[in-house]
Structures are given as C-alpha cells and as structure tokens.
Amino acid sequence: MFTYTCLNPISQKGLDGFDENYKVVEDLDGADCVLVRSTAMHDMDLGDSLKAIARAGAGVNNIPLDKCADSGIVVFNTPGANANGVKELVLAGMFLAARDVVGGMEWVLSEKDNPDVKKLTEKKKKAYAGTEILGKKLGVIGLGAIGVRVANAAIALGMEVLGYDPYVSVAAAWNLSRKVTHISDVNDIYKECDYITVHVPAMDSTKGMIGTGEIALMKKNATVLNMARDILVDEDEIVKALSEGRIHRYVSDFPNEKTAGKEGVILIPHLGASTEEAEDNCAIMAVEELRDFLENGNVRHSVNYPDCEMGVCETEGRICILHKNVKGMIGKYTRILGDEGVNIENMASKGKGDYAYTILDLESSITEDALDKVRAVDGVIRVNVVK
Numbered sequence: 001m002f003t004y005t006c007l008n009p010i011s012q013k014g015l016d017g018f019d020e021n022y023k024v025v026e027d028l029d030g031a032d033c034v035l036v037r038s039t040a041m042h043d044m045d046l047g048d049s050l051k052a053i054a055r056a057g058a059g060v061n062n063i064p065l066d067k068c069a070d071s072g073i074v075v076f077n078t079p080g081a082n083a084n085g086v087k088e089l090v091l092a093g094m095f096l097a098a099r100d101v102v103g104g105m106e107w108v109l110s111e112k113d114n115p116d117v118k119k120l121t122e123k124k125k126k127a128y129a130g131t132e133i134l135g136k137k138l139g140v141i142g143l144g145a146i147g148v149r150v151a152n153a154a155i156a157l158g159m160e161v162l163g164y165d166p167y168v169s170v171a172a173a174w175n176l177s178r179k180v181t182h183i184s185d186v187n188d189i190y191k192e193c194d195y196i197t198v199h200v201p202a203m204d205s206t207k208g209m210i211g212t213g214e215i216a217l218m219k220k221n222a223t224v225l226n227m228a229r230d231i232l233v234d235e236d237e238i239v240k241a242l243s244e245g246r247i248h249r250y251v252s253d254f255p256n257e258k259t260a261g262k263e264g265v266i267l268i269p270h271l272g273a274s275t276e277e278a279e280d281n282c283a284i285m286a287v288e289e290l291r292d293f294l295e296n297g298n299v300r301h302s303v304n305y306p307d308c309e310m311g312v313c314e315t316e317g318r319i320c321i322l323h324k325n326v327k328g329m330i331g332k333y334t335r336i337l338g339d340e341g342v343n344i345e346n347m348a349s350k351g352k353g354d355y356a357y358t359i360l361d362l363e364s365s366i367t368e369d370a371l372d373k374v375r376a377v378d379g380v381i382r383v384n385v386v387k
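This is the structure in structure tokens:
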C-alpha cells in the first residue's frame, strides 16, 4: 500500500489514476509521494517517508530541488501537459496587443448609459483599431513543447517566425514547421521581430535574460510576451522603455507591483495553464509518473535526478539506488551482491550533475542484510526496493 497527499487542489481525473493500492493521507508526514501545484515547499519538513514529489505543471521553483536530491526524493514535473493552454494564451496576448480590444471594451462600458453610444462608436473606434498580425514577424525564444506549438500556430496565421533554441530536442525539431526559420543568434530576434515570446525555464542563467541591452535592440513597435516566468524579464527596464515609447507593449501572465497599471502593459492573472483541460492533463501525467516510479522504479521527467527506465520488472527482485554521481559506485554494488550470492540479471544507470540513479534487476530477492550493506556505501543516498 502506497500513500499520497495533495498540497493543492488536484484534478479528480488525475487522482482517479490511483488504484486500490493507494491511500490518501492528510499531510506530508507518512506520505510516500505528494502532488503539488503552487504551494511553496522550501520551508517544509519533508519527512523520512517521502520518496517523490510531482509538480502538476512545468515550473518547479516552489520546490527545493537540491534539498530533495540530497534526501533521495525524486521531483517530477509534467512538461507539455499544459502546452496547448499556454499556446492559446500567447496567441490571445498577440491579438490583444495588436488591437486595443481591452481599451475599446472599457470605453464601451464607460458609455453604457449614453443613448448616443451607437453614433459615438463610429467616431471613437479609430482610437482602438490597431494592426493585424498577418505578415508580422514573431520571434520564439525556446522551442520546447510550448514554443513549438506557438511557432506552428503563428505560421498557420500567416506570420513569419524566427525560432531560437540552441538545445532544441530531436522530438521538438521533428514537430516544428519547416517554415520556421531557426536562427543561431538570439539578438536577431530582438532586432527584427514585431512580437517576441519567451518560453524557457526559470534558472539563474535565464533570470533577467531580457534586460537593458536586449530591449535597446528592439523595434519601436515591438511587443514582448512573457507567459513563462516574470523573472525572465527585467520588468523595471521594460516599464521604463514603454513609458519612453521605445517599445509598444508588454504582455505578461504574472501581475505584480512593478507592472500592474503601467502604461503599455497588458496583464493576465496567471491563466496560462489554468484551463480545465490543462489541469486534467497535468494531473493525469503527474499520477502516471508517481505510479511508475513507486511501482517500477522508473524515473521519467525528473528535474533533479536523471531519467532512467527499465519497464516492468520481470525478475524476482528489483532495487533502485539514488546516489552521488561519482566513480566506482556500480562496482561496489556488484561486489556486495556477488558476495551475497545475488546475481544481477539486468541493470541501467544514469547520471545527471551531482546525482545518479541505478536500477538493478536481480535473479533473487535481496536480503535485508545485503540491503543494509548497499545503503552503507559511501555516496548512497537512498535505496528503494520495488520487489
């Protein structure tokens, strides 16, 4: 029997993926795994029983990744599960920036009691007319699950699209429209594009990636769209550029005191991944990841440990070892198991930064004495027994 808890409301369609072998508990104490969306976990006592955390979404800045890795807790996210919802909001952001729909609607509301509103509309509409996006140039920074969808949708709408991602995956490349121009210098996007949308993870290396220098390269009619994370953009500088008329619009899904109510800023209340479908998809994917890890030891879409999979165990035993990514670890395990008379039938081992993950399929069940010896190896963080 496995136990789980939820730190935020999680779609029931996802939770329905837990079968009779799973029991919900009230809090982290005693839980094998946890599902979370936005709750900040940095100051939480994670407990000794916790083996895995699944973030029902892509961003994991609310989770202490290093602390979890040091405790042998695998953190998962759900890349791509909310991609369509975010893509649609990016498109909506472009339309809102191109044509002052919001301003026009607010004007109509202000004149709701005016009996001449119909006649007055014909005089006022030019103030909100705007431009079309057909034929305009869109720059997409980050060609992951969301960026690829945005790029392809923009192509379908008749835009010219420049894409930048030095680490684009094979899967993303296959899904990307051949009409998208893949560029090697991101500055070309800042210089040439009418619309610029960013879709990269929030890391130290990407914090403030659109700042003073990048804004200075932009055209006066440029619109920056940020549906990824607010820290990717130096919002002090972008608000200043808007007030000085150096760029046209800033569209963000992350309202804060720096941008709320500022000239040229269009703010959306963090709706990117909040569609019913996206929440369902993220929850379903998160539960599938947790079950595959707890039941089979497979790691898929982890953000603090390497992905490592061996399918369903068909031998008598399987152990999964979370350990430091240092030389000689595999040899130590094999010597211990060999001395105990346990043969390794199959294995997989992957490293990622400071951490590694090893799956060992055994011809026989492992004894507690042998497990204790494996756990005692210097560099071993945790050993999970699957069967």
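Quick note: the sequence shown uses our numbering, first residue 1, plus one each step. Note that the Cβ used here is the ideal one computed from N, Cα and C, for glycine as well. In this text, all values refer to a predicted model and were calculated from it rather than measured experimentally.
Residue of His42, Asp43, Gly47 minimising C-alpha distance to Thr5: On the sequence shown, position 5 is the one that residue 5 refers to. Its Cα nearest to that of Thr5, the residue Gly47 stands out among His42, Asp43, Gly47.
Nearest to Val224 (by Cα), restricted to the options Val239, Ala154, Lys324, Ile196: The residue given as residue 224 occupies position 224 in the sequence shown. Closest in alpha carbon position to Val224, among Val239, Ala154, Lys324, Ile196, is Ile196.
From Met227, Asp234, Arg249, Asp113, residue whose alpha carbon lies closest to that of Lys442: The shown model of the chain, from 1 to 387, leaves out residue 442, and the question about it has no answer.
CB contact flag (Ile344, Leu362, <8 angstroms): Here residue 344 is taken as the residue at index 344 of the sequence shown, counted from 1. Here residue 362 is taken as the residue at index 362 of the sequence shown, counted from 1. Yes, they are a contact pair.
C-beta contact flag for Cys308 and Ile359 at 8 angstroms: By 1-based counting over the sequence shown, the position of residue 308 is 308. By 1-based counting over the sequence shown, the position of residue 359 is 359. For Cys308 and Ile359, yes; Cβs fall inside 8 angstroms.
Cut-off 6 angstroms between Cβ atoms - residues of its own chain near Val140, not counting five sequence neighbours on either side: Here residue 140 is taken as the residue at index 140 of the sequence shown, counted from 1. Within its own chain, the residues whose Cβ lies closer than 6 angstroms to the Cβ of Val140, once the five positions on either side in sequence are excluded, are Gly147, Val150, Ala151, Gly163, Thr197, listed in chain order.
When Lys191, Ala31, Asp66, Gly331 are compared against Gly353, the one with the closest alpha-carbon: Looking up residue 353 in the sequence shown gives position 353. Checked all of Lys191, Ala31, Asp66, Gly331; the closest Cα to Gly353 is Asp66.
In DSSP terms, what Cys320 is bridged to: The residue labelled residue 320 in the question sits at position 320 within the sequence shown. According to DSSP, Cys320 bridges with Ile359, Asn384.
Terminal residues of the beta strand (DSSP E) in which Tyr128 lies: Taking the sequence shown and counting its residues from 1, one reaches residue 128 at position 128. Tyr128 -> no beta strand (DSSP E), and no H or E assigned at all.
Every unbroken beta strand (DSSP E) within the segment 177 to 239, with a cutoff of 3 residues, ordered by chain: Here the runs fully enclosed are 195 to 198, 223 to 226.
Bounding residues of the alpha helix (DSSP H) (the contiguous stretch that carries Ile330): Walking along the sequence shown from the start, residue 330 turns up at place 330. Per DSSP, the continuous alpha helix (DSSP H) segment holding Ile330 begins and ends at 329 to 339.
Within the segment 57 to 101, ranges of the beta strand (DSSP E) (whole runs, at least 3 residues): Within the segment 57 to 101, the runs of beta strand (DSSP E) that reach at least 3 residues and sit entirely inside it are, in chain order, 74 to 76.
Under the three-state DSSP convention, the category Cys6 falls into: Counted from its first residue, the sequence shown places residue 6 at position 6. DSSP, reduced to helix, strand and coil, places Cys6 within a strand of the structure shown.
Whole-number beta carbon distance between Ala58 and Asn388, since they are thought to touch under 8 angstroms: The structure shown does not extend to residue 388, since the chain spans only 1 to 387, so no value can be given for it.
Under 8 angstroms between C-beta atoms of Leu267 and Ala52: Looking up residue 267 in the sequence shown gives position 267. Looking up residue 52 in the sequence shown gives position 52. In this structure, Ala52 does not lie closer than 8 angstroms to Leu267 by Cβ.
Assigned secondary structure, Lys51 (DSSP; H/G/I helix, E/B strand, else coil): Counting from 1 along the sequence shown, the entry for residue 51 is found at position 51. Three-state result, Lys51: coil.
Distance CB(Lys136)-CB(Asp188) smaller than 8 angstroms: In the sequence shown, the residue the question calls residue 136 occupies position 136. In the sequence shown, the residue the question calls residue 188 occupies position 188. Taking 8 angstroms as the Cβ cut-off, Lys136 and Asp188 do not qualify as a contacting pair.
Cβ-based burial, Pro269 [other Cβ within 10 Å; buried from 16]: Numbered from its first residue, the sequence shown carries residue 269 at position 269. Exposed.
Validate contact between the segment 239 to 257 and the segment 91 to 100 using beta carbons, cut 8 angstroms, 3 pairs: Contact between the segment 239 to 257 and the segment 91 to 100 is established, with three or more Cβ pairs separated by less than 8 angstroms.
Alpha carbon of Val34 to alpha carbon of Ala127, nearest angstrom: As a first step, residue 34 must be located in the sequence shown, where it is residue number 34. As a first step, residue 127 must be located in the sequence shown, where it is residue number 127. One C-alpha to the other measures close to 51 angstroms.
Residues of its chain near Ile238, where Cβ-Cβ distance is below 7 angstroms and the 5 sequence neighbours each way are ignored: Locating residue 238 in the sequence shown gives position 238, counting from the first residue. Only Ile215, Val224, Tyr250 meet the Cβ criterion.
Minimum C-alpha distance to Ala356 - residue among Ala54, Thr206, Ala69, Gly103: Looking up residue 356 in the sequence shown gives position 356. Its Cα nearest to that of Ala356, the residue Ala69 stands out among Ala54, Thr206, Ala69, Gly103.
For Arg249, the residue or residues it bridges with in DSSP: Against the sequence shown, residue 249 aligns to sequence position 249. Arg249 pairs with Thr223.
DSSP state of Gly351 mapped onto helix, strand, coil: Counting from one through the sequence shown, the residue named residue 351 turns up at place 351. In this structure, Gly351 counts as strand in the three-state DSSP scheme.
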